[in-house]
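Report on the structure given below.
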Amino acid sequence: MWETLLGGLLAILGGWGATWYQAKNARRNRMEELTAERKILANGEAYAYTKEVASALIQEDMQEVAALMVKREEWFFRSRLFLPGKFPAKWLELRNVILKLTRRETGDSASPDDIENLQRRAESLAKQAIEEIYKDMNLEKIEITEQ
41 MWETLLGGLL AILGGWGATW YQAKNARRNR MEELTAERKI LANGEAYAYT KEVASALIQE
101 DMQEVAALMV KREEWFFRSR LFLPGKFPAK WLELRNVILK LTRRETGDSA SPDDIENLQR
161 RAESLAKQAI EEIYKDMNLE KIEITEQ
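So the number in my numbering is just where the residue sits in the sequence shown, counting from 1, plus 40.
Now the structure itself:
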């Protein structure tokens, strides 16, 4: 009789331990799923916004590009934890270069070479930021060639 009671008690403890372990893993797995979903969303937005800025660097006035960067500030700080690798540093540096460019363009002391160097630096930073997204998502860069 004692053996039956001991067996029943051990079965109850085993069932409780298994349930606890499953609940613990389920919470962790759900948190990982939510983080992955948020990361994918942040990467998609980061790609779109960086491409938008890279295009504006070529086509728009620097004042408009600076306004575009400022417009994306709330998104950046809200999504920063989910952005890939060095992307946040590249984005902030890109913003700073663009703001410096706007100050230099409106000031009288800037040389054309200085402005051109800053423009190239901004374009390079935008390209590096996009490459961080490709690397994080483990995607190959798509190159379109004209025939």
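Think of the CB as a built atom: it goes at the ideal place given N, C-alpha and C, for glycine as much as any other residue. Because the structure is a prediction, the values reported are computed rather than measured.
In the same chain as Gly125, and ignoring 5 residues on each side of it, the C-beta atoms closer than 8 Å to its own belong to Glu172, Lys175, Asp176, in chain order.
For Ser95, the three-state secondary structure derived from DSSP is helix.
Around the beta carbon of Leu49, a 10 Å sphere encloses fewer than 16 other beta carbons of the protein chains shown; the residue is thus reported as exposed.
Secondary structure note for Leu158: its alpha helix (DSSP H) is the uninterrupted segment 152-177. Check the Cα spacing between Leu158 and each of Ala169, Thr142, Phe116: the tightest is with Thr142.
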